[in-house]
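Each residue of the sequence shown is one higher than the one before, counting from 85 in the numbering used here. Built from N, CA and C at the ideal position, the CB exists for glycine as well.
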Amino acid sequence: MSAMNRRRWLESVSSAAIAGALPVPSGIAQLKSPEGSGKMKLDLADFQPKSMLHVPETKVHRSRYPLIDIHTHLSIRSKSVNGVGIGEEMDFLATPETLLPVMDRRNIRIMVNLTGGSGKGLEESIRKFQQPHPDRFLTFTEPSWDHANQPGYAKFQAEEIARAHLAGARGVKVLKTLGLYLRENISEGALVKIDDPRFDPMWEACGALDIPVAIHVSDPEAFFLPTDRTNERFEELNNHPDWSFHGKDFPGNAELLEARNRVLAKHPKTQFIALHVGNNAENLPYVSECMDRFPNMTVELAARVGELGRQPRMSRKFIDKYQDRILFGTDAVPNGTDTPQQIFGDELYEIYYRFLETEDEYFDYAPAPIPPQGRWRIYGIGLPDDILKKVYYENAARLLQLTT
Ligand SMILES: [Zn+2]
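Quick look at the structure:
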């Protein structure tokens, strides 16, 4: 054996020993070489490829125009059972004092706290954010799902919306609770349909008061498919098994969206903000069809730059065509760790601005070492000034009836 061959042989023996026997320090990918194959094995979770592309990297610290983030969560209901929020008590995720410096740095004029709760909880949400800073924070109310099986609910809920509006609520938020969690006996029994007529008076009340309904229906298509090796969001679903709506008694994605569409059709005087790009950012032709059918439908972008940015040409055309009905939103949640694509902070907004304002290529859609919603990167769409102004501010200001 020549000296060279001997060294190679020794190297291969020692690396096999390391792969087989010794613990690998955490944070370092374990490269396994199964006996004789000559190929290394790498766990998907350890794969963190660094792009070798030499392309422009634009830092956009401030949005080109002041903006309204129509989709944030500054409070949530304290209690929930099987996905259904119960009672009026709220948890508060931040104070205005911690949010305002980021807002000022990033040019965020207004944050809309969608999950403001109801009753006493709503009053508290308004008191904490909107009341001291009415030009910076707005609050939406939420239906009292835990009353939905009681006699007289339909009328009660419509009146609750009117009371919430009087208390200062600027819209109504409907979580995916409706369609996926709320059941005939609240947390048990058959799922309640999105277009169940018991909610008709509530939708009508919103139309009569001229306040929008921000509605989240269904979830990404991949969440309705088996969590297997063909699922493009395998890692995300593997990390959050409860996000999968495959099997059991869950309706399919298409069925949920069609039920939502029947609500939009039945209440043409009510404005609906179909959150997360109409909850079907993977299928912009379908969202376009909905936009054409329902003039009372607008969409916002929250937590979907990952989807829009991987189909930049299609997205650009979509935003161009519906430029008067698209709102800026992020789904920002202060102090989270679970979902990097939603953690409120400087980095999150920089990504949105880069996507909307630049033509940068192949960058991360979330501040995370591994893309959290699927293993791909995104491309900026470089919107022109007139469309940026509408998306960042004007469209939302019109819907919220802001005077300034
Ligand atoms: Zn949200």
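With a cut-off of 8 Å on Cβ pairs, the stretch 330–337 is not in contact with the stretch 345–354, counting fewer than three such pairs. With a cut-off of 8 Å on Cβ pairs, the stretch 168–183 is not in contact with the stretch 133–143, counting fewer than three such pairs.
Look at M187 here: in three-state DSSP terms it is helix. In this structure, the straight-line span from the alpha carbon of P468 to that of G236 is close to 50 Å. For L198, the shortest C-beta to heavy atom distance toward ligand 1 is below 7 Å.
Look at the beta carbons and you see the stretch 461–475 not touching the stretch 425–432: under three pairs across the two are nearer than 8 Å.
Remark: the C-beta of H155 is in contact range of ligand 1, defined as less than 7 Å to any heavy atom. Taking a contact to require three or more Cβ pairs closer than 8 Å, the stretch 247–258 and the stretch 204–221 qualify as touching. Taken from the Cβ of H324, every heavy atom of ligand 1 lies 7 Å or farther away. Listed in chain order, the non-local C-beta contacts of F402 below 6 Å within the same chain comprise L368, local neighbours out to five positions each way being set aside.
Shortest gap from the CB of D430 to any heavy atom of ligand 1: 7 Å or more. When beta bridges are read from the DSSP output, E272 appears opposite N269. The C-beta distance from L484 to L206 rounds to 17 Å, too long to meet the 8 Å contact threshold.
At the C-beta level, A306 and A246 stay beyond 8 Å of one another. Within the stretch 423–474, the complete alpha helix (DSSP H) segments of 4 residues or longer fall at 430–441, 469–473, listed in chain order. Less than 8 Å separates the beta-carbon of P310 from that of H330. Residue burial annotation: Y477 is buried, with at least 16 other C-beta atoms found within 10 angstroms of its C-beta. Within the stretch 137–201, the beta strand (DSSP E) runs of at least 3 residues that lie entirely inside it are, in chain order, 151–156, 159–165, 168–176, 192–197.
In the structure shown, the three-state DSSP call for E339 is helix.
With respect to I152, V186 sits apart: the two C-beta atoms are not nearer than 8 Å.
Relative to the non-hydrogen atoms of ligand 1, the Cβ of A358 never comes closer than 7 Å to any of them.
The three-state reading of DSSP puts V383 in strand, counting E and B together. The three-state secondary structure of A306, taken from DSSP, is helix.
Distance from the CA of T261 to the CA of S121, rounded to the nearest whole angstrom, comes to 50 Å. If you look at A253, you'll find it isn't in any alpha helix (DSSP H); DSSP assigns it neither H nor E.
Of the residues assessed, T314 falls on the exposed side of the cut-off, its CB having fewer than 16 other CB atoms within 10 angstroms.
Only residues of its own chain outside the window of five on either side were considered, and among them L158, S159, M174, F176, N197, G200, G201, T223 have a CB closer than 8 Å to the CB of S209, listed in chain order. By the beta-carbon neighbour count (other beta carbons within 10 angstroms, threshold 16), Y449 is buried.
The residue among T354, R193, R400, I194 with its C-alpha nearest the C-alpha of G291 is T354. Here the alpha carbons of A365 and A358 stand approximately 11 Å from one another. Each residue's CA atom was taken as its position, placing H300 and M124 some 43 Å apart.
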